[in-house]
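**Q**
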Amino acid sequence: MAFSKGLALLSFLFIVHLAGIYLFTSGFLLTRLSLPDFTQCQDKTCVLPPTHKRAVLLIIDALRFDFVSPDPPIPPSPFHHDILTLPRELTAANPRNSFLFNAYSDPPTATLQRIKALTTGSLPTFVDIGNNFGGSSIAEDSIMKQLKLAGKRAAFMGDDTWMSVFPDSFQPNMSFPYDSFNVEDLHTVDEGVIKHLFPLLEDASKPFDFLVGHFLGVDHVGHRDVVELLDDETLLVVLGDHGMDRSGDHGGDGIFETSSAMWIYSKGPELSIDASNVPSGLLQYTTFPGAPTSHRYIQQIDIVPTLSLLLGLPIPFNNLGTIIPELFWRDQMGTGLSEALAINVAQIKSYLDAYRSSSSGGELNEAWQSLIAAWTTSQTVSSTAEQTLTSMTNYTRLALTACRSIWAQFNAFFMGLGLALLAIGSIATWATYSGLLAVGDDWESWLGDQLLRYMRGAAVGSVLGILVYLVLGAYLPGMDAMDCILFLAPFASCVTMIATSAPRLSFSMLKSVPLPLVLHTAAFLSNSFTFWEDHLVPFLLISSMAPFVLQGVAASSPRLRWRILGFSGLFALCVRAISMSTVCREEQQPYCHVTYYASLSLPSPPLPVLYLALPTAIALPWAVRRFLRISRSHLGLAEVFIPWILMPTLIVGTLHWLLEWADSAGVSGSEWTPVVRLTRTWLVRSSLLLLVGGGSLWWAIPLCLDVESPSTKPGEKRQVNIVGYANAFGSSYLLFWTIFLSLVYTTTQLTGQLVLALTTIAFVRDVRRMEALAASKPSALLKALAHAPLVPIRFSDIMPVALLGLHAFYGTGHQSTISSIQWKSAFLLTPTMNFGLSAATVTLNSFGPLFLAGVGVPLLALWNRAPKAGGKTRADTQVQGESIVAGLGVMMYYGSLLLGTAVSAAILRRHLMVWKVFAPRFMAAVVGLVVVDVGVLVGFGAGVQRVGGRVAHVCRGVAAQFVA
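With UniProt numbering applied, the sequence shown corresponds to residues 1 to 964, in that order.
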């Protein structure tokens, strides 16, 4: 039952990690309270006479401000600037009818969150980004709800996200949604919008009062045709839901992602008599990076109260935007603007009062006195109209600032519980790791006794959790009985693990402190070290090899010395080569240069990668076979698996991405696009089927052995030769690992495939280095002869594997940012979005290298460990115990990283960079630890158990032949 005990231990620690993550995130990633109220005013005191009967709202995905700016950055880009010129031309020609703004889009800059903001006037929170792929209908007040209450007819065409959040707001006969998640097909959505937009505009009966058209591309819009078809009673609003960074991505809070364009145009009545007379205290300006002059700057949510009042509608109840003053300046005294601002101020005051009275009202405590003072000032009659207008604007902006800060409020109690559980879980992992090392081959009985103690501790903790809730529940706001149990049950069990497993602490133990791990964990307290982590990891990785180099220099023989130094040198070269593949965070500019792609703005592979990709896919299986040949374990299953399973899947994965490049770069021609797309899809599907077959074959006959039984003369002892016996465990497990390597390889773009190949070479060379070091120990031969364990796995042996996984994560084109997610990988198995399959391939693309580290670490315990059966000991007993130790080590490393990021996020939660740097790194650490834990469970539960069982079976069969 060794397998079940080891798996139970690893599973328990996985549950401890999940419980700690749940408790900490419950206090750290809070969502705002959504109030169900909606604005009503029967006496018409909260509306103004409409300036227009209807409106056309055209949204262009990721339309950044500089794309329409009259003063684009210097030097301008021929692909982005001075192309969409109509807004600036009409603004210059009709300054009273046309207005162009640089609008700030609150992060996260994802389409769903921006649609919510553009219709409700409210703010998203950081955790809302997780809902971008499954938005539910908006229950709070919105401009769509107000249109429906007023009996207005709304039409829609374009991005189908609108239909998921407003399923009942649009007229069925004027609703034309299109799937928008296929990033490789922008044309279908935009052509569908144009197909239905122009007939509605041309219809003389004007069957709509509000029309929404959501485009995905700028070049399809046809603005001049839209303007020509407008009548004098229709208001046109063209805007970007958000901006984009230099590589075309979005989701974060960089200035390029949050700078969106907004153009408002009235073909008929003037919106302003002279906007230059608007008091300067009401206006804000900003300079876009690289632009020669500043430009008018607003909050994107300002369109909500502005559009509502221009259409004669009440402002949505939850709105925090401020009306755009230029559009209400209709007399020299600013009477219209004053009336509009008064309605705006009253609406925001009503919202804040309702929020204050809600269950979350305490969040406003710190800002409430300032808000009351600003409200009082806004209601005081000032000596000049400008002062009155300024005081009202100051109140609305103060409310926006206050709410931005309170929706970053944290529950310190939950965060403390999560930190405590993560910390004690890491200590318990170390204690169990140390205990297993101490007991050696007797680990089975020791672990069995320990698991019983852990279960008793968990049972006691569960009872304590219920009692604490019953006695103190009234004093623990937000906690229920399950929260108490989730904390105390694993906490009590971890205390038991530490009390019964931890070695005695001594001063000499300080010598073995893993310095790279300590430095890595502490680095997260610095925002600079955090966003330069991709440069920190290779430094720590090379540093972790220093003790081995010193041991190699002191090796007893020149051959061992050169083996150890050679393996270490090749490992370092691979690490350095991986470092050459980079993508850049915004904070790293201008000191970082993108090499993963051909350029910052062109997400295609560099030219050398195109030439090297296919040869690499062919050479990597050959390298694996050569690696196995050293230990004569290239026979058996390896003879079939490597040339007929591994090599074809790697080649097919490369061919897919080569075809993707040819298609996106236009090399194949547009007429071949459907054929190329279909070919790519079926290539990957066939590769997956081949892997399933290969996995089944491995499960049936996993061993790379060749059994020879030479004929003997009568009376002679029977001889049995097992070729590959010395590496029976390691060779089979390596093939098991390559199954997952092939999966990750297929989901990774071409540059990343070269990185994965280098990672594989570095990994196997590190395994050989560890083997050579074990052989260099003076007692190694004596121990082997005595059938004692070889040199046990040390944490210093595990750290390079853990760091190599993280290094490969960065080398395959990722960062701890939302914008670095490679969405192309979502369409490997299907030409359109399939939430299950797309989520799986994106996850493999993003965190596959970490999964490979978790699955691969048992190889340290299995490589060149010959089965040693004696007496009642199973042939696989030793390697299973050391595999558990290896798994605990890598879980401990990534658990410590999570603890470090959680501590930094908690301590620095008021830091300016918390949502830009610390929170995303914490979330990446959460996913990273979960992925590594799952990798360890899969590796030990499926790989080690299967290999160990089959090797033990062969050993019993051989022993039976000897007896016979």
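In this text, a Cβ means the ideal position worked out from N, Cα and C, and glycines have one as well.
1) Beta-carbon within less than 6 Å of V652's beta-carbon, same chain only, minus the 5 sequence neighbours each way: which residues are those?
2) Return helix, strand or coil for H196, following the three-state DSSP convention.
3) Using the Cβ count rule (16 or more neighbours within 10 Å means buried), how would you classify V640?
4) Can you give me the start and stop residues for the beta strand (DSSP E) that V936 sits inside?
5) In its own chain, which residues sit with a C-beta less than 6 Å from the C-beta of residue 965, not counting the 5 before and 5 after it?
6) For L790, is the classification buried or exposed, using 16 other Cβ atoms within 10 angstroms of its Cβ as the cut-off for buried?
7) Note down, in chain order, each residue of its chain lying with its Cβ closer than 6 Å to the Cβ of L937, except the 5 sequence neighbours on either side.
8) Measuring CA to CA, which of L451, L417 and V304 is closest to G465?
9) For my contact list, G724 and L635 are in at a C-beta cut-off of 8 Å; report their separation, rounded to the angstrom.
10) Report the three-state DSSP secondary structure of T616 (helix, strand or coil).
11) Quick one: grab the DSSP three-state call for F215.
12) Just to confirm, are M892 and V932 a CB contact at a threshold of 8 Å?
13) Judging by CA-CA distance, which residue of V927, N845, M144 and Y454 is the nearest neighbour of F210?
14) Check Q945 in the structure and name its three-state DSSP category.
15) Residues in its own chain within less than 6 Å of D442 by CB, not counting five upstream and five downstream?
16) What number of angstroms, rounded off, separates the C-alpha of Q880 from the C-alpha of V954?
17) Taking the DSSP output, what are the residues bridged to D706?
18) Based on DSSP bridge pairs, tell me the residues matched to I176.
19) Excluding the 5 residues flanking R909 on each side, which residues of the same chain have their C-beta closer than 6 Å to its C-beta?
20) Hey, V624 and L646 are a contact pair by Cβ (cut 8 Å); roughly how many whole angstroms apart?
21) What does the alpha-carbon distance come out to for the pair P49 and M333?
22) Closest to L517 by C-alpha separation, out of P314, R768 and S796, would be which residue?
23) Taking all protein chains shown into account, decide if L550 is buried (16 or more other Cβ within 10 angstroms of its Cβ) or exposed.
24) Quick one: using the 10 Å Cβ neighbour count with 16 as the cut-off for buried, is V381 buried or exposed?
25) Looking at T751: is its Cβ nearer than 8 Å to the Cβ of P590?
26) Rounded to a whole number of angstroms, what is the C-alpha to C-alpha distance between M497 and G440?
27) Tell me which residues share the same chain as I301 and place their Cβ nearer than 6 Å to its Cβ, disregarding the 5 neighbours each side in the sequence.
28) Got a sec, what are the start and stop residues for the alpha helix (DSSP H) H17 sits in?
29) What does DSSP give as the partner residues of D891 in its beta bridges?
30) Within a Cβ cutoff of 6 Å, which residues of the same chain sit near F133, ignoring the five residues on either side of it in sequence?
31) Could you tell me whether the Cβ atoms of F208 and I60 are closer together than 8 Å?
32) For a test of the three-state rule: what should DSSP assign to G312, helix, strand or coil?
33) Helix, strand or coil for A261? Go by DSSP, reduced to three states.
34) What does H295 pair with, by DSSP beta-bridge criteria?
35) Measuring CA to CA, which of Q878, L452, A522 and A555 is closest to L540?
36) What are the partner residues of F99, as DSSP defines its beta bridges?
**A** Once the coordinates are examined:
1) L683 and S687
2) helix
3) exposed
4) No beta strand (DSSP E) holds V936; the alpha helix (DSSP H) holding it covers A919 to V938.
5) Residue numbering for the chain in the displayed model covers 1 to 964; residue 965 lies beyond these limits and cannot be assessed.
6) Here L790 scores only 47 on pLDDT, less than 50, and its place in the model is too uncertain to base an answer on.
7) L10
8) L417
9) 6 Å
10) helix
11) strand
12) no
13) M144
14) helix
15) none
16) 17 Å
17) V723
18) Reading the sequence as shown, one finds Phe at residue 176 and not Ile. Paired residues: M157.
19) F410
20) 7 Å
21) 18 Å
22) S796
23) exposed
24) exposed
25) no
26) 18 Å
27) A117, G121 and G321
28) A2 to F28
29) In the sequence under discussion, the amino acid at residue 891 is Met, which differs from the Asp named in the question. In DSSP, M891 forms no bridge with anything.
30) Confidence at F133 is low in this model, with a pLDDT of 46, below 50, so the placement of that residue should be treated as unreliable; the coordinate-derived value is given next. Nothing listed; no residue qualifies.
31) no
32) coil
33) strand
34) T286
35) A522
36) I264
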